[in-house]
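Take a look at the structure set out below.
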Amino acid sequence: MNAESRIQTTAGRLARLGFADGARAERLLDGLGPEAVGDLDLLAALVGTADPDLALTSLNRLAERDPSVLGAMRAGTGLRARLVGVLGLSAALGEHVVRHPGHWKLLEGESAVQRMPAREMRAELLEAVGADPGEPEPVAPVGADPVPAMSALRVAYRGRLLQLAARDATGTVSLAQVTAELSDLAGAALEAALAIARADVPESADARLAVIGMGKCGARELNYISDVDVVFVAEPREGVDETKALQAATRLAQGMMRACSTSTPEGSLWEVDAALRPEGKAGPLVRTLASHLTYYRRWAKTWEFQALLKARPVAGDLGLGEEYVAGVNEMVWQAATRDHFVEDVQAMRRKVEANVRASEADRQIKLGPGGLRDIEFAVQLLQLVHGRSDGLLRRRATLPALNALSRGGYVGRDDAKALAEAYTFLRQVEHLLQLHRLRRTHVVPQNVTDLRRIGRGLGMTADPVGEFTTRWKRHAMEARRLHEKLFYRPLLHAVARLPGDEARLSAAAASARLSALGYTDPDGALRHIAALTSGVSRRAAIQRTLLPVMLGWFADAPDPDAGLLGFRQVSERLGRTPWYLRLLRDETAAAERMARLLGTSRYATGLLLHAPDAVAMLGSEAELAARPKEALAGELGACVQRHAEDAEKAVDAVRALRRRELLRTAVAGLVGPIDIEEVGQALSELNDVTIQAALDAAIHKVSGERGGPMPTRFTVIAMGRLGGYECSYGSDADVMFVHAPVEGAEDKEAADAAYAVANELRRLLARPAPDPPLLIDPDLRPEGRQGPLVRSLSSYAEYYRRWSSPWESQALLRARYSAGDAELGAAFMDLIAPLRYPPGGIGEAALREIRRLKARMEAERLPRGADPLMHTKLGRGGLADVEWPAQLIQLGHAYAVPGLRTTRTLEALRAAVGAGLLSASDEEVLAEAWRFASQVRDAIMLVRGRAGDSIPADVRERMLIARALGYPPDGSEDFVEDYRRTTRRARLVSERVFYGVA
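Residues in the sequence shown are numbered from 26 upward in steps of one, following this note's numbering.
Here it is, written out as structure tokens:
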């Protein structure tokens, strides 16, 4: 065999053993000398590492610096396993040991496998910077240049890190032991950093300074590389002025932070982050104990108490630190009883989710869905809720706290086990990510080489990339799923006799949990849960699967109590229907839409309770799209034909179908993609076809009663919001009735028949029934309520010729055909065209009259006691302030601008811009205000179940409306401020345009 063949064979064998580059690996092995080439134990150790190529490269470089390492490795199997193991995990620690070749000796002997006590770590790092560990407040003799001491601290710190990582790589320490030792090592480094800082602060003896570890450092669950979160607390020495002492303590704290973060020839340690202190970065770096406690009592938010769960003295004056922890603990465990606890918790969840870059969300093991923060957040929230009455839950670290929650029945045993496994796995992955370069990262790489190293570091050798990816995704999915159910599943055990020997959540604890999650009547909620889940039926079993998730969605909705009550009521109506629970179980989107609907809208809940079969439409987004007008007209017309001989039954069937379509639109408006213009069009078209169907029934009935065909043609003209395709959920149908006697019919006979039809139409649509009425309002007719209910076309022509006033021309801008005889409707449109689009535009007298009418309307029609800033219709910057200027432009210019001949407000504004009659910026301001006010009116109806024009003063109602509009739980004031700002701008534009239009 020639030399080239031998090289290819050896290189191929090394590649098969696990080296990515077999040829390079052979060259590096040759570089270690002939003994290394034949050392099968060394080869086995190398191929057993996370990254054999990286391990061999670093070993080769180390051997160049200190050849004795190879002999020591052959003599000591423990050293070989530890050194090669850590070199295969961490390029950064490989660089360190090459730079400091004597440090490989930290990995040999008994001491290499034993945990160094925290006290000895502190002593070693203090000695590294030249300080005396025996002194109460050690000082490092750094002289004029602190950098050598800082570098020495980094070298000593990384030596201990090297030793710990080697034990970790060989599997001789658990995750909990690793994180605890990392936390102790960080505490020792902070002590040494304080010693360096004292050398630069001669007055350091004036103050007692305690360093409080927060976050993972405080909980003794620190990562390999992480910011170290701290809070500083200081007290003056006896006889020292407090201000002077705080100045000295602040300089000490700043010096300690610099000693850790400053870049030296040996790099830096990590950032010391004091942002969790009172007032954050805007507050003083150091406070006295009394100042801390005063802040927490008066001003602290829930997230600050959540952070204090982890507080632990780690450096400096530990006695003062203990006093601090004792003082804040008293408040931490009362946090769940504070005002706005629920809103604060929901805001914290949103903040966590908002901090994740979209491009990294699916690879983020900390902040992404199913990541470490999901688990930590859930555990901490449960501790805050239940730790007030159960001292066993007062643990700093996540896994011990989760274990305590499980033992106490606050978390299901299987759920706790699965979460602990997921958390442990994700923390191990986090460590592998960070060890490689000793960089702070939580993003799983996409590079195959990096994924291979992580998989092998976790012991996966057959298919490290595939095995790791599968297991990671499974754990993340399981953690996310359990996170959604974690708060709620034990509630079922609290109210239902379920099999198993798990500890049960007490009624008081269940009630406390529901209160903390936003339920205002937790006892009522528990009764609903019991009614839904108790028993051995298949229905109850499915509800026990559904409810933990549904309860979470209800808690995220504006009104969780209403959501749960509505769900119970719908479930009781449909419980025996086979498809209902199956739909919710199998179609997550349908269940989530239902939860949001029931927890947001009394109006929609009422619609659903009287037509529960409509739940089926929630299963598909396509089902929520508004149905074409022609299809609706055909379906409603068929109802009338089926009940041709009974007008009341016919219209009852029509109204039932209208209810279904109202629900479809409400759901689409709340959880779907349609905007306010589309909502208005859908509701207006639905009202059109409803009026047409009821009109057919009324005509058929009147004709039957008269004993012959109608002596007149009849049409319904839409006015107001119906005419403008701008109906809201609570809108009446503004209409005018027009008839035209057929040839040969007597005028009185025709008029009587038309009256009978109009009255019957109104009666049928308004009569008491389970389904919502459609009130017909004919008050915009000539002479208003004093005038005839129905007029003939010729009577309208005569009236408009002789007595028409400017307000009627303005009202007719909204007129369009709605139902009945289309030819007659077209004739009426022709009749009124000169009135609403006057040739040459509106005259000066009419202009003055319209402006006077608007001023009078604002002064007289605003309801008594109504806040003009909060009234969406007549208030400042509300709907009227947008619609009247648009209509004035139409009256003045529609004769010459065809685009202005529209019944829709926003279309008229857009046409005005196109014709140069309105600036684009003014149109934008007016349109925004119109949309906002229209959305608020719809939201009021959806939330309260009854119409209203004013934003309510009641704080809770205002919050519910804000939530329905998409604001966060704490966004009620933002909603009001946004509305005021939007309408204030619209008012300014409205007055300028309305009084400046010529």
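Idealized CB from N, CA, C, for every residue including glycine.
Based on DSSP bridge pairs, tell me the residues matched to Ile-801. According to DSSP, Ile-801 shares a beta bridge with Ala-758.
Pairing CB atoms from the region 767-775 with CB atoms from the region 707-722, are three or more of them under 8 Å? no
Candidates Pro-863, Leu-899 and Asp-846, of which the one nearest Leu-878 by Cα: Leu-899
Using the beta-carbon count (16 or more within 10 Å), is Met-502 buried or exposed? exposed
If you measure between the beta carbons of Leu-814 and Ala-783, is that distance less than 8 Å? yes
Count the other CB atoms, across all protein chains shown, that sit within 10 Å of the CB of Leu-688; report buried if there are 16 or more and exposed otherwise. buried
Residues bridged to His-896 [DSSP beta-bridge criterion]: Partner(s): Ser-975.
How many Å lie between Ala-1084 and Ala-639 at the Cα? Outside the displayed span of the chain (26 to 1023) sits residue 1084, for which this structure offers no information.
Of the listed residues Gly-119, Ser-645 and Glu-401, nearest to Val-617 (C-alpha basis): Contrary to the premise, residue 617 reads as Glu rather than Val in this sequence. Comparing Cα-Cα distances from Glu-617 to each of Gly-119, Ser-645 and Glu-401, the minimum goes to Ser-645.
Endpoints, the alpha helix (DSSP H) within which Ile-914 is located: 904-918
Please state if the CB of Gly-588 and the CB of Gly-624 are separated by a distance shorter than 8 Å. yes
Using the rule of at least 16 other Cβ atoms within 10 Å of the residue's Cβ for burial, across every protein chain shown, is Lys-726 buried or exposed? buried
Taking 7 Å as the limit between beta carbons, can you name the residues of its chain near Tyr-1020, skipping five residues before and five after? Arg-876
Going residue by residue through the region 228-307, where are the continuous beta strand (DSSP E) segments of at least 3 residues, counting only ones entirely within it? 232-238 and 253-261
For Gly-659, the nearest candidate out of Pro-637, Asp-721, Trp-604 and Asp-995 (CA to CA): For the residues Pro-637, Asp-721, Trp-604 and Asp-995, the minimum Cα distance to Gly-659 belongs to Asp-721.
Contacting residues, own chain, Cβ-Cβ under 8 Å from Arg-38 (five flanking each side not counted): Taken in chain order, the residues that qualify are Gly-47.
To the nearest angstrom, how far is it from the Cα of Gln-202 to the Cα of Gly-212? 15 Å
Assign Thr-602 to one of three DSSP states: helix, strand, or coil. coil
Could you have a look at Ser-596 and say whether DSSP puts it in helix, strand or coil? Three-state DSSP puts Ser-596 in a helix.
C-alpha gap between Asp-342 and Asp-298, whole angstroms: 19 Å
Buried/exposed call for Lys-391, threshold 16 Cβ in 10 Å: buried
Nearest-angstrom beta carbon gap, Ala-235 and Arg-107 [assumed within contact, 8 Å]: 36 Å between Cβ atoms; not a contact.
Counted within 10 angstroms of its Cβ, other Cβ atoms place Ala-550 as buried (16 or more) or exposed: Counting Cβ neighbours within 10 Å, Ala-550 comes out buried, since at least 16 surround it.
Have a look at Phe-957, Leu-622 and Arg-563 and flag the residue whose alpha-carbon is nearest the alpha-carbon of Leu-590. That would be Leu-622, whose Cα lies nearest to the Cα of Leu-590.
Which of the three DSSP states, helix, strand or coil, is assigned to Leu-476? helix
Ignore the nearest five residues each way along the sequence and tell me which others in Lys-241's own chain have a CB closer than 8 Å to its CB. Thr-204, Ser-208, Leu-247, Asn-248, Ser-251, Asp-254 and Lys-335
Less than 8 Å between C-beta atoms, sequence neighbours within five positions excluded: which residues of the same chain meet that for Ala-851? Same-chain partners within the cutoff: Tyr-842.
Mark Thr-495 as exposed unless 16 or more other C-beta atoms lie within 10 angstroms of its C-beta, in which case mark it buried. exposed
Can you tell me whether Gly-119 is helix, strand or coil according to DSSP? helix
Where Arg-337 sits in the DSSP three-state scheme: Residue state, collapsed to three classes: strand.
Proximal residues to Arg-31 (C-beta, below 6 Å), its chain only, five neighbours per side dropped: Only weak support exists for where Arg-31 lies, its pLDDT of 44 falling under 50; the coordinates are left without a value.
Buried or exposed by the 16-neighbour rule on C-beta atoms within 10 Å, applied to Pro-910: buried
Taking C-alpha atoms, which residue in Trp-828, Asp-855 and Arg-827 lies nearest to Ala-840? Per the Cα distances, Asp-855.
Cα-Cα separation, Glu-149 to Gly-134: 18 Å
CB-CB under 8 Å to Val-265, same chain, minus the five flanking residues each way: which ones, in chain order? Asp-231 and Ala-232
Which first and last residues belong to the alpha helix (DSSP H) in which Ala-822 is found? Ala-822 -> alpha helix (DSSP H) spans 818-828.
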